[in-house]
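Step one of this worksheet: look at the structure below.
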Amino acid sequence: MVVDAPPDALASQGSVSPAPILRVFANRPECNYPNGTIPMAERMEPYTAPVARKAMQPSPGRPRSKVKLNRAMALHSGRAPALAKRHLNSFISLEPKVLRGDDPDAIHDLRVASRRLQQILDLLYPKPRTQKLCKLRRTIRRARRSLSVVRNYDVLLSHAESALSRKRLARREVWTVFRDYLSDRRDASFRKAARKLGTLNLTSCFLRIKSLLDAIGAVPAVEEKLPDHAGGTPTLETRMIESLRKAWTGLHDRLLESQKESSQTLHPVRIAAKRLRYLIEAMVELHVPGSKPAVNYLRQIQQHLGDWHDLEVLEQVMLAMVADTKFLGNRLPLAIEAERLVLRNRRKKRKYEEEFLLMVNNAPEWVQMEEWIGSLLSLPQPSTHEEV
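My numbering applies: residue 7 is where the sequence shown begins, and numbers increase by one.
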């Protein structure tokens, strides 16, 4: 489910801002297209050429000082090991709750904690990583991925229960059968996920990561010497800026790719936005000036794309249910009603896609985030510290 961000940088370290990403092209009547599906390329259009980037102008009333930003980042970078320990403790404390199997919130919280832990560890230990670090990182990622299907079923079950709670509900029988279908598959998926978690030995992973963090916690983070890195070691601020550059480039590229005729999904955009959000969340916790408004808007975008993704998964699972020979049997009329529900669902998805365009089409919050990211990417980078 995770797509690696491209390695190339968005822009050189000049005093320019990233180009505004999208402009709404034109709404096309869906009747002009087969199956009522408007190609993504017809709903989204890139902004001119990258050379049209204009010089970054900070928002009025919000002057930005590069010196102050650099000083603030250096001042608070020593919090990183303690921050990693906090996320590590949160991650391991949720495992018993998850294994009980009856707490959807615990599953969601463990997945979120794993992302936050992985993000701060990536800042502390950039590539090239030691074999030990790579193994620990894989363990965290596998724990999260083992629960992804269960999490999807939990979200869909919540949708089904919410629909069935309404007094007036068309296709109530479809929703009832769908809920039972989800419940059976959720139970089977959880048993499989619990077995995977058991093989990962998260307690051992916890102890190994804690020992690594204890080892670097005694060294000022601005001058920390990371193990097994040859030559100069970039400061935490430098690694943070480079991570921001890659995450922002990743979101930019996924947005452009989503406009191609062959692309009918916003899922890669959602993943890229999630990567950027978790990085900036870490920057908020490290008190990077200006990061809080950016992460607040990214959370709004992520919530919107998450709602879109829920509808996408709902459609896939409902179609799988209809295609199941055990379901069809003597339920052909019910299958037809389910397919009508899928068509209604697709109309809702298109509405989410159009609303998403407005969120990234020169909305004031988006422009402010672009300017803030541009100001950070144009900061003069401090020199690296040589290992002794």
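Cβ coordinates follow ideal geometry from the N, Cα and C atoms, glycine included.
Query: C-beta contact flag for ARG148 and LEU105 at 8 Å; Result: no
Query: Length at least 4, wholly inside the region 234-303: the alpha helix (DSSP H) runs in chain order; Result: 242-263 and 273-291
Query: Cβ distance (whole Å) where TRP372 is taken to contact TYR303 below 8 Å; Result: 7 Å
Query: Unbroken alpha helix (DSSP H) run spanning SER189, endpoints; Result: 178-206
Query: Same chain, Cβ closer than 7 Å to VAL319, neighbours up to 5 away in sequence not counted; Result: ASN158 and LEU162
Query: Residue closest to THR244, alpha-carbon to alpha-carbon, out of LEU116, LEU130, LEU188 and VAL366; Result: LEU130
Query: Near the ligand GTP: ARG106 beta-carbon under 7 Å from a heavy atom; Result: The ligand GTP is not among the ligands present in this structure, which contains no ligands whatsoever.
Query: For THR136, the first and last residue of its enclosing alpha helix (DSSP H); Result: Unbroken run through THR136: none, as it is neither H nor E.
Query: Helix, strand or coil at LYS354 [DSSP, three-state]; Result: helix
Query: Distance, HIS315 Cα to ARG151 Cα; Result: 17 Å
Query: Proximity below 8 Å, CB of LEU116 to CB of PHE97; Result: yes
Query: Where GLY84 sits in the DSSP three-state scheme; Result: helix
Query: Beta carbon of ARG352 nearer than 8 Å to that of GLU321; Result: yes
Query: Beta-carbon proximity list for ALA199, same chain, < 6 Å, skipping 5 on both sides; Result: SER152, LEU153 and VAL156
Query: Any 3 or more C-beta pairs closer than 8 Å across the region 333-347 and the region 178-186; Result: yes
Query: Pair within 8 Å by beta-carbon distance, VAL348 and MET327; Result: no
Query: Nearest neighbour of ARG276, chosen from ALA288, SER297 and ALA253 [CA to CA]; Result: ALA253
Query: ARG172 in three-state terms, based on DSSP; Result: coil
Query: Short Cβ contact (8 Å threshold) for LEU385 with ILE247; Result: yes
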